[in-house]
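All remarks here apply to the structure that follows.
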Amino acid sequence: MPYNCNQCGGTFCSKHRLPENHDCPGLDQWNDPDGVFDSGFDDSVQNQGGRSKSIADRIGIDTGPGGPLGYFRGNMTFVFLVLMWLTFMAQLVAEATLNVSRYWPAVFSVNTIHIEYVWTWVISVFAHGGFGHIAINSIIIYFFGRLVEDYIGSRDFAILFIVSGVLAGLGQTLIALAMGEVSFGLGASGAALALMGVLTILNPDLKVYIWMVLPVPVWVLTVFYAGYSVLGIGAGIAPGVGHLAHLIGLAIGLLYGSRVKNEIRTPNQVRFGGGGGPGGPGGPGGPGGPGRGRF
């Protein structure tokens with residue numbers, strides 16, 4: 001529903017009702033059910049002949065607020081977190097009931113043995129090497145993902161998350177394959193580092209409150225994780241961690257943040273819940289056996 005601002009008298013949506021957020025797009029379409037709240041997943045194209053139908057319109061899917069896709073708008077961060085934990089539970093069930101050597105390369109990890117298994121490129125983003133691994137990634141994605149999704153919209157956030165996660169894992173695997181090494185990679189750390197990269201560009205001085213009390217600029221955290229990954233590659237620290245995947249994800253986030261920098265207005269702080277000790281997303285605190293690169 002619309003909100004009236006007591007200071008300027010203008011009408012704004014819930015996300016733009018505060019004076020500092022008044023640059024609200026699409027209010028002229030308020031009476032259009034597919035206007036202000038139109039899907040972030042499937043935008044229509046304007047042309048001289050009028051408004052062309054979107055893909056969802058052509059196949060009969062309602063992308064408005066009352067449609068099935070409306071539940072995902074603004075909630076893709078939580079959707080991805082749920083998918084991560086469901087995948088992790090499926091891993092635990094599979095480990096308890098199936099032959100690990102058979103299912104692992106074929107389902108949960110992007111690897112040099114069966115790199116042609118395209119489905120593993122995506123599934124591996126949601127699979128993890130242990131409870132510590134998924135817990136650290138979940139904390140980072142929960143706090144940073146909500147901000148990035150709010151800035152760029154659910155559709156672009158979903159694309160960024162999947163693309164950065166896939167390219168991070170696939171990039172490390174291809175390099176290992178070129179070097180004649182065996183590699184099994186899994187985890188959402190590439191996507192998590194991409195989110196940090198975006199925030200570092202959009203608002204480098206954003207205060208992240210570690211354990212709710214220690215303020216640290218987000219750029220400091222990004223430099224720390226990047227430095228740890230570079231050191232890990234050069235000095236062989238934590239060989240079970242996908243350091244290269246971290247750097248690939250971070251690079252994607254930095255590039256994307258640079259692309260949208262002039263279009264986004266950002267806050268200046270976020271409270272970041274307690275972590276699990278040293279290491280980055282999928283860092284040394286997360287378990288995972290040798291040969292499994294935890295992204």
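1 is the number of the first residue of the sequence shown in UniProt numbering; add one for each residue after it.
We put the CB at the ideal spot given by N, CA and C, even for glycine.
Less than 8 Å between the CB atoms is what I'm expecting for residue i and residue j, so what's the real figure, rounded?
i, j, result
"A176", "N137", "Going by Cβ atoms, the distance from A176 to N137 rounds to 21 Å, so no, they are not a contact pair."
"V135", "G185", "A small fix is needed here, since residue 135 is Ala in this sequence, not Val. That belief does not hold up - the Cβ atoms of A135 and G185 are roughly 19 Å apart, past 8 Å."
"I141", "L195", "7 Å"
Tell me the rounded alpha-carbon separation between residue i and residue j.
i, j, result
"L214", "L174", "39 Å"
"G253", "Y151", "14 Å"
"L231", "T11", "52 Å"
"P204", "G145", "16 Å"
"A251", "G190", "10 Å"
"A235", "V100", "31 Å"
"E95", "E181", "25 Å"
"F131", "V107", "19 Å"
"T97", "M84", "20 Å"
"S44", "A238", "With a pLDDT of 38 at S44, under the threshold of 50, the modelled position of that residue is not reliable, and the figure given next carries that caveat. When rounded, the distance between both Cα atoms is 47 Å."
"A226", "G197", "10 Å"
"D34", "S154", "In this predicted model, D34 has a pLDDT of only 45, less than 50, meaning its place in the structure is not dependable; the value taken from the coordinates is given anyway. Whole-angstrom Cα-Cα distance: 16 Å."
"L81", "I201", "24 Å"
"G240", "W211", "27 Å"
"G40", "I264", "Confidence is the limiting factor: at G40 the pLDDT is only 45, short of 50, which leaves the residue's position unreliable and the question unanswerable from this model."
"V93", "V216", "39 Å"
When DSSP labels each residue in this structure, what does residue i get in the three-state scheme?
i, result
"V110", "strand"
"V208", "strand"
"P215", "strand"
"L98", "coil"
"G240", "coil"
"G185", "strand"
Let me make sure I understand the geometry here. Which of the options has the alpha-carbon closest to that of residue i?
i, options, result
"V110", "G165, R155 and P239", "G165"
"Q91", "V118, V125 and V79", "V125"
"S229", "F108, G249 and V216", "G249"
"G129", "E149, L221 and W104", "W104"
Quick check: does the Cβ of residue i come within less than 7 Å of any heavy atom belonging to the ligand COA?
i, result
"W121", "This structure does not include the ligand COA; it has no bound ligands of any sort."
Do the region 153-172 and the region 111-122 touch if we need at least three Cβ pairs shorter than 8 Å? yes
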